[in-house]
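S.K.: Just so you know, we're using the UniProt record's numbering here: the sequence shown kicks off at 1 and counts up by one.
Beta carbons are placed, not taken as given, at the ideal position from N, Cα and C, and that holds for glycine.
No experiment lies behind these values; they were computed from the predicted model shown.
Please see the structure below; I have some questions.
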Amino acid sequence: MTLCLASVSALRAEAPATPAPPKLSGPPKVQVLVRENSVATAVGGSSAATPAPGGAKGGGKGQTPNPAQAAATALDAEKFTRTTKKTLTVTLVDVTGANMDVNVKTTFLGRDEAGKHEVVEEKTVENKVTLQPRKAQDFTTEEVSFTHTTAHHAAIKKGSGGAGAGGRNAVSSMIPASGHAYYGYRVEVFQGQDLVGMASSEMH
1 MTLCLASVSA LRAEAPATPA PPKLSGPPKV QVLVRENSVA TAVGGSSAAT PAPGGAKGGG
61 KGQTPNPAQA AATALDAEKF TRTTKKTLTV TLVDVTGANM DVNVKTTFLG RDEAGKHEVV
121 EEKTVENKVT LQPRKAQDFT TEEVSFTHTT AHHAAIKKGS GGAGAGGRNA VSSMIPASGH
181 AYYGYRVEVF QGQDLVGMAS SEMH
């Protein structure tokens, strides 16, 4: 039984954890609704880091891929690279009976595709808004881009000098995943230093 409990604890430790948000000090004064907008999603690009296969830095013999192979590797990596551009449309409703000046902090969350797939705070943007009682007011955040590359085998050009005897292809190396994929959001509404409203993709 002790071994089983230890195994479960280890699995929980490896699960991605979203950075813990602050808590409301009392009943919310502002209702927060969020709509996610996908501005664009494209395959290809060079923003996600993709290491070159089989080659070490320096001038060692046989370590540097020939230009044709390097070009094929770069082109192949683009097939596994995806860029997503997101905005959030935030609607706020003041549920009190007085005007309220608030600062809205919107945090875009990303998932690190390398390592343990941890959830990270990709970018936080701020918007200052004046709310009127019982009236909804909305705004759309600035655009935030996420680029990641999935794990894949490096391209090996057929018939190149790196092929084995008889024209067979050499064994390709594995390129690890890299970059950050879109994961979710956290919206916090502050009146001065007080947190008066919030919403998160984790709450749905």
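Using alpha carbons as the reference points, say which of Pro133, Thr81 and Thr140 lies closest to Val90.
M.R.: Closest by alpha carbon: Thr140.
S.K.: With distances taken between CB atoms, is the gap from Phe146 to Ala181 smaller than 9 Å?
M.R.: Cβ atoms of Phe146 and Ala181: closer than 9 Å.
S.K.: Measure the alpha-carbon distance for Ser173 versus Tyr183 and round it to whole angstroms.
M.R.: One C-alpha to the other measures close to 29 Å.
S.K.: Please classify Thr107 as buried or exposed, where buried requires at least 16 neighbouring CB atoms within 10 angstroms.
M.R.: It is buried - the Cβ of Thr107 has at least 16 other Cβ atoms within 10 Å.
S.K.: Should Val95 be listed as close to the ligand FAD, given that the test is whether its C-beta is under 8 Å from any heavy atom?
M.R.: The ligand FAD is absent from the structure shown, which contains no ligand whatsoever.
S.K.: Provide the residue(s) that pair with His148 in DSSP beta bridges, ordered along the chain.
M.R.: In DSSP, His148 forms a bridge with Arg82 and Gly179.
S.K.: Exposed or buried, which one is Ala154 when buried takes at least 16 other CB atoms within 10 Å?
M.R.: Under this definition Ala154 is a buried residue.
S.K.: When you compare only the Cα positions, how much space is there between Ser200 and Ser38?
M.R.: Whole-angstrom Cα-Cα distance: 17 Å.
S.K.: Exposed or buried, which one is Asp194 when buried takes at least 16 other CB atoms within 10 Å?
M.R.: So Asp194 counts as exposed.
S.K.: Would you mind sorting Glu143 into buried or exposed? The rule is 16 or more other CB atoms within 10 Å of its CB.
M.R.: Counting Cβ neighbours within 10 Å, Glu143 comes out exposed, since fewer than 16 surround it.
S.K.: Could you have a look at Ala48 and say whether DSSP puts it in helix, strand or coil?
M.R.: Because the pLDDT at Ala48 is just 41, under 50, the model does not fix this residue reliably, and the value given afterwards should be weighed accordingly. DSSP places Ala48 in coil when its eight states are reduced to three.
S.K.: Counting only the same chain and skipping the five closest in sequence on each side, list residues whose C-beta sits under 6 Å from that of Ala136.
M.R.: Within the same chain, Ala136 has close Cβ partners Thr91 and Val93.
S.K.: For Arg82 and Glu113, what's the separation of their Cα atoms in angstroms?
M.R.: Cα to Cα, the separation comes out at about 12 Å.
S.K.: Please report the residue range of the beta strand (DSSP E) in which Ser200 lies.
M.R.: It spans Asp194 to Ser200 - the beta strand (DSSP E) in which Ser200 sits, taken as one unbroken run.
S.K.: Can you find the residues in the same chain that come closer than 6 Å, C-beta to C-beta, to Val125, ignoring five residues on each side of it along the sequence?
M.R.: Closer than 6 Å at Cβ, skipping near neighbours: Thr106, Thr141 and Glu142.
S.K.: Less than 9 Å between the beta carbons of Gln191 and Lys86, yes or no?
M.R.: No; because the gap between Cβ atoms is not below 9 Å, this pair is not in contact.
S.K.: Measure the Cβ-Cβ separation of Gly197 and Val189 and say whether it is below 9 Å.
M.R.: Cβ distance < 9 Å, so Gly197 and Val189 count as in contact.
S.K.: Restricting to Cα atoms, I'd like to know which of His148, Val95, Gly115 and Glu121 is closest to Val187.
M.R.: Out of His148, Val95, Gly115 and Glu121, Glu121 has the C-alpha closest to the C-alpha of Val187.
S.K.: Would the beta-carbon of Gln31 fall within 9 Å of that of Val95?
M.R.: In contact: Gln31 and Val95 (Cβ atoms closer than 9 Å).
S.K.: Can you name the start and end residues of the beta strand (DSSP E) that Val95 belongs to?
M.R.: Unbroken run through Val95: none, as it is neither H nor E.
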